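Participant: Got a structure here, written out as structure tokens. Questions coming.
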Amino acid sequence: MWQRYPDASAALIVSPTPYGTCADLEAIVEICHRRGKPLIVDEAWGAHLPFHPDTPTWAMDAGADICVVSVHKMGLGFEQGSIFHLQGSLVDPVRLSQCADVLSTTSANTLIYGAMDGWRRQMVQEGEAMIGKALDLTRRVRRAIGGIPGLHVLEDELVHQEASHDLDILHVLIDVSQLGITGYQATDWLRENCRIDLGTNDHRRVEAVMSVSDDDGTAERLLEGLRALVDAAPSLPRPPAVVVPDEKDLFLETVMLPRDAFFGPVEVIPVEEAPGRIAAEMATPYPPGVPLLLPGERINKAAIDYLRSGVEAGMVLPDPADPTLKTIRVVREEPHKPQK
Ligand SMILES: Cc1ncc(COP(=O)(O)O)c(C=O)c1O
């Protein structure tokens, strides 16, 4: 990426991903720092990492310059309790603070701050024991789910594959495709029938996120729910197939600045006519929340086929103006004037 974009100011990566896979941060830090550029890590899913030696490496320990963490995800905090850490000399703290000021509220919520500070204190004092217990419980839960016919817990497939260097095992990713249903259906069924809320889900997987708040009781509820899902699966409607794109088709070309595409003249067109046009809005399968289309990107057919077939199968797209994606907002392009 540095060879492709040598003028970029910094590198930004997501680690852990919402699936629990983690990048080789130390190696990436080394590559960035050799060029005198900072590494920013979106560590939204890593609030617990500093507090136990058996979890993947915390971005600050790996030498990253900034990491952004959602305490409300893997820590214990109210929603919106996100923080950033800064170290080293590559990022000016005053400028960073001024940038944060542009985006943040002037009405700080003391409940959020108080809860974050209480959680930090608890983690420093008892975190290692609490997280150690959660890890032991998770290992047992993973084995038990692996023993349920029709379910497969992913682990070996997720480590040392492609960009994945390590795995946070608290993300228990379960492949439900052998049941003939999608992860979307499994998630909806468990919420509706067992009042169990799963995390990330996609066309073939669901994810149960374990935490320091879990115990034998909650683990057993999850296992009971999953057994009931296996029993119910044959009676669920067969889902339409999701057209999953090749990895190469996911890298859409940015042909316009995102702000120009978003704020400039747009038009709404039937989605079938979108390939070849420039997106003027985002389209993000959520969860996990990684945008497939961003304003300014040239839309391709593979992206549209994936999003449309995904929506048919139960994928949630919260951000396009038309969440069914029958229509899409694209940049209005003036027809080419013939040269005189
Ligand atoms: C990788 C990643 N980064 C950032 C966010 C958003 O974080 P926050 O809830 O703190 O705004 C999410 C939320 O799901 C996420 O998965």
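Count along the sequence shown from 1, add 70, and you get the number used in this note's numbering. Here a beta-carbon is modelled for each residue, glycine too, at the ideal position from N, C-alpha and C. Being a predicted model, the structure only gives us computed values, none of them experimental.
1. Taking the beta carbon of K318 as the centre, do at least 16 other beta carbons fall within 10 Å, making it buried, or is it exposed?
2. Using 7 Å as the cut-off, classify the Cβ of P88 as near or not near the heavy atoms of ligand 1, replying yes or no.
3. Just the C-alpha distance for G384 and Y376, rounded to the nearest angstrom, thanks.
4. Between L299 and A256, is the Cβ-Cβ spacing less than 8 Å?
5. Following the continuous beta strand (DSSP E) through E277, name the residue where it begins and the one where it ends.
6. So, L109 versus D135, is the Cβ gap smaller than 8 Å?
7. Could you spell out the range, first to last residue, of the beta strand (DSSP E) harbouring D245?
8. Tell me the rounded alpha-carbon separation between R399 and V246.
9. Between the beta-carbon of I251 and the beta-carbon of P309, is there less than 8 Å?
10. Go ahead and pull the three-state DSSP assignment for S152.
11. Within 10 angstroms of the Cβ of W259, are there 16 or more other Cβ atoms? Answer buried if so, exposed if not.
12. What residue range does the beta strand (DSSP E) around A81 cover?
13. Mind pulling the beta strand (DSSP E) runs of 3 or more residues that sit fully within the stretch 205-275?
14. Considering just the uninterrupted stretch of the beta strand (DSSP E) at T397, what are its terminal residues?
15. Within its chain, find whatever has a CB closer than 7 Å to the CB of G253; leave out the 5 residues flanking it on each side and keep chain order.
16. Please report the straight-line C-alpha distance between S177 and G216, rounded to a whole angstrom.
Facilitator: So, to answer that:
1. exposed
2. yes
3. 12 Å
4. yes
5. R275 to V279
6. yes
7. H241 to D245
8. 34 Å
9. yes
10. strand
11. buried
12. A81 to V84
13. 241-245
14. T397 to V401
15. V246, N271, D272, H273, R274, R275 and V276
16. 47 Å
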